[in-house]
Amino acid sequence: MSPNAAAGETQHSWREALRAYTRARVVALFFLGFSAGLPYLLVFSTLSAWLRDARVDLATIGFFSWVGITFSVKVLWAPVVDRVPVPALTARLGRRRSWMLLAQLAVALGLAAMAVTGPGGDLALLALLAVIVAFASATQDIAIDAFRIESAAAEYQGALAAMYIFGYRVALLVAGAGAFYAAEYLGWQSAYLIMALLMGVGMVTVLLVREPVASATRAAGNEDERALLERFARAAHLPAWLRRPRGQFVRAVVCPFLDFFQRNGSRALLILALVGLYKLSDITMGVMANPFYLDLGFSKDEIASVAKIFGFFMLLAGSALGGLLVVRYGILRPLLLGAMLVAATNLLFAMLAEAGRDLTLLALVISADNLSGGLATAAFVAWLSSLTNTAYTATQYALFSSLMTLPAKLLGGFSGVIVEGHGYYSFFVYAALIGLPAILLVLYLLLRAEPAPRAVTAPSSGESR
3 MSPNAAAGET QHSWREALRA YTRARVVALF FLGFSAGLPY LLVFSTLSAW LRDARVDLAT
63 IGFFSWVGIT FSVKVLWAPV VDRVPVPALT ARLGRRRSWM LLAQLAVALG LAAMAVTGPG
123 GDLALLALLA VIVAFASATQ DIAIDAFRIE SAAAEYQGAL AAMYIFGYRV ALLVAGAGAF
183 YAAEYLGWQS AYLIMALLMG VGMVTVLLVR EPVASATRAA GNEDERALLE RFARAAHLPA
243 WLRRPRGQFV RAVVCPFLDF FQRNGSRALL ILALVGLYKL SDITMGVMAN PFYLDLGFSK
303 DEIASVAKIF GFFMLLAGSA LGGLLVVRYG ILRPLLLGAM LVAATNLLFA MLAEAGRDLT
363 LLALVISADN LSGGLATAAF VAWLSSLTNT AYTATQYALF SSLMTLPAKL LGGFSGVIVE
423 GHGYYSFFVY AALIGLPAIL LVLYLLLRAE PAPRAVTAPS SGESR
């Protein structure tokens, strides 16, 4: 291994990079990713299909989509997952595994209850159960993200992210196409009961893996936390019965955000800008992808075969490559490569818009898009993970994951207006151009990175297993 002087990051040989995927903790992330991805479609598009199959009106189905807001506001209860122990479980399993297991049990029970209730019963109760499943699923996401970040050093986060994405995507296939097949032959109720049973994959994994060992970063964070609490205590003029709740609030909510700004100083706002801008080009383009395929004249079978199935495997390949490059070259260089490739592939879509219906070209463009998207996502998740302090892992990463999609979702709402006014070619050129700020920000961070004083030490065997 040799330090990368330009980026201040550790490099490994290709052999060491490939061996990252054989680490027990990395393999475990596949099964945890599966557990995280399984509930997602079951409270969204798969549930919408069940409702429509039961002849529920479209307006009501639209209201059910509000369940998704739960995933966008998980930062609100992330401090609870970071700080509050689960009775009877945390003492036995540790703070991360106990929250994961509790959330998985809640998801499984919620899905089973949804199966029993169904659209033919009380729709208000079904909606409430869907919210409970979404809340438990988002809580599981918070705990798994914290578990992943605390499980290995920064250079292995790309491999962990890639394996997590692999498991998550497999779960989306199971909860999407798999649930449809089960519903066709066994009925929707049986389909949802099967999905509830499949949550056992995550539960078994939680029981088999070890709780990650807290790093020195957490201890340092606690020293800063104590100093901050002492300053608040000296400045407080509150009765004794209010001081403890106030201290708990400061510790759980205020400290994670102050810690981030104290550690990053003048770069903090620059980092937050990159968090919000990195996925802008990718998500904005994705809003119009399926309408674009249909408007070019491709059949639904062609779109399913090329865009969904073939694209799925290319996305996995890109994620694996991204994780490999992070271990080999550090985080910032693959992060820059991912940003450049995502913007460039949007220009390939512009080329396809000019060429018209061409199945071979569609396969090439989608291959490039999913490969670059998977690479960029693995590098981006690794970078976000490296920004957290393990004293506040869940809260800080929940903040980043919420921020990374919000600007893109807001801007993506105008995608249809641009296509209607200027056509698909101009839209894809525009989608490529809005990727330039992210490229420039990563390039700036890469050039300004300080040389690493020494190689990053890999986790001990106790942490990696």
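Residue numbers 3 to 467, in this note's numbering, belong to the letters of the sequence shown in order.
We put the beta carbon where it would ideally sit given N, CA and C, even for glycine.
Residue from the options whose Cα sits closest to the Cα of residue i
{"i": "residue 169", "options": "321, 108, 338 and 377", "result": "321"}
{"i": "residue 163", "options": "182, 143 and 176", "result": "143"}
{"i": "residue 441", "options": "417, 279 and 332", "result": "279"}
{"i": "residue 313", "options": "364, 182 and 123", "result": "364"}
{"i": "residue 107", "options": "153, 419 and 208", "result": "208"}
{"i": "residue 66", "options": "293, 429 and 46", "result": "46"}
{"i": "residue 68", "options": "304, 50 and 270", "result": "50"}
{"i": "residue 171", "options": "416, 409, 316 and 55", "result": "316"}
{"i": "residue 180", "options": "200, 346, 166 and 167", "result": "200"}
{"i": "residue 206", "options": "31, 419 and 432", "result": "31"}
{"i": "residue 372", "options": "323, 413, 416 and 256", "result": "323"}
{"i": "residue 333", "options": "451, 211 and 202", "result": "451"}
{"i": "residue 283", "options": "429, 402 and 256", "result": "429"}
{"i": "residue 444", "options": "268, 267 and 340", "result": "340"}
{"i": "residue 53", "options": "290, 128, 151 and 422", "result": "128"}
{"i": "residue 135", "options": "40, 433 and 326", "result": "40"}
{"i": "residue 402", "options": "76, 34 and 42", "result": "76"}
{"i": "residue 352", "options": "111, 374 and 434", "result": "434"}
{"i": "residue 439", "options": "319, 153, 210 and 273", "result": "273"}
{"i": "residue 264", "options": "158, 84 and 389", "result": "389"}
{"i": "residue 325", "options": "101, 160, 44 and 73", "result": "160"}
{"i": "residue 137", "options": "44, 61, 119 and 175", "result": "44"}
{"i": "residue 1", "options": "210, 318, 385 and 328", "result": "One cannot answer for residue 1 here, as it falls past the ends of the chain, which runs 3 to 467."}
{"i": "residue 329", "options": "417, 158 and 62", "result": "158"}
{"i": "residue 257", "options": "393, 210, 189 and 90", "result": "393"}
{"i": "residue 125", "options": "58, 423, 384 and 259", "result": "58"}
{"i": "residue 412", "options": "165, 281 and 86", "result": "281"}
{"i": "residue 119", "options": "327, 191, 64 and 92", "result": "191"}
Exposure label - residue i; buried when at least 16 CB within 10 Å
{"i": "residue 470", "result": "Residue coverage of the chain in this structure runs from 3 to 467, which leaves residue 470 outside it and unanswerable."}
{"i": "residue 71", "result": "exposed"}
{"i": "residue 447", "result": "buried"}
{"i": "residue 397", "result": "buried"}
{"i": "residue 356", "result": "exposed"}
{"i": "residue 359", "result": "exposed"}
{"i": "residue 25", "result": "buried"}
{"i": "residue 183", "result": "exposed"}
{"i": "residue 311", "result": "exposed"}
{"i": "residue 336", "result": "buried"}
{"i": "residue 28", "result": "buried"}
{"i": "residue 99", "result": "buried"}
{"i": "residue 449", "result": "exposed"}
{"i": "residue 112", "result": "buried"}
{"i": "residue 94", "result": "exposed"}
{"i": "residue 268", "result": "exposed"}
{"i": "residue 419", "result": "exposed"}
{"i": "residue 154", "result": "buried"}
{"i": "residue 62", "result": "exposed"}
{"i": "residue 354", "result": "buried"}
Beta carbon proximity, residue i to chain D, threshold 7 Å
{"i": "residue 398", "result": "Absence of chain D from the displayed structure is noted, only one protein chain being present."}
Test item: CB-CB of residue i and residue j under 7 Å
{"i": "residue 400", "j": "residue 80", "result": "yes"}
{"i": "residue 148", "j": "residue 379", "result": "no"}
{"i": "residue 117", "j": "residue 187", "result": "no"}
{"i": "residue 36", "j": "residue 173", "result": "yes"}
{"i": "residue 177", "j": "residue 48", "result": "yes"}
{"i": "residue 406", "j": "residue 277", "result": "yes"}
{"i": "residue 344", "j": "residue 437", "result": "yes"}
{"i": "residue 294", "j": "residue 426", "result": "yes"}
{"i": "residue 338", "j": "residue 370", "result": "no"}
{"i": "residue 185", "j": "residue 121", "result": "no"}
{"i": "residue 213", "j": "residue 96", "result": "yes"}
{"i": "residue 290", "j": "residue 348", "result": "no"}
{"i": "residue 103", "j": "residue 115", "result": "no"}
{"i": "residue 391", "j": "residue 303", "result": "no"}
{"i": "residue 387", "j": "residue 167", "result": "no"}
{"i": "residue 33", "j": "residue 140", "result": "no"}
{"i": "residue 101", "j": "residue 83", "result": "yes"}
Q: Could you pull out every unbroken beta strand (DSSP E) segment of at least 3 residues lying fully inside the region 300-383, listed in chain order?
A: none
Q: Return the chain-ordered ranges of every beta strand (DSSP E) run that is complete within the region 48-111 and spans a minimum of 3 residues.
A: none
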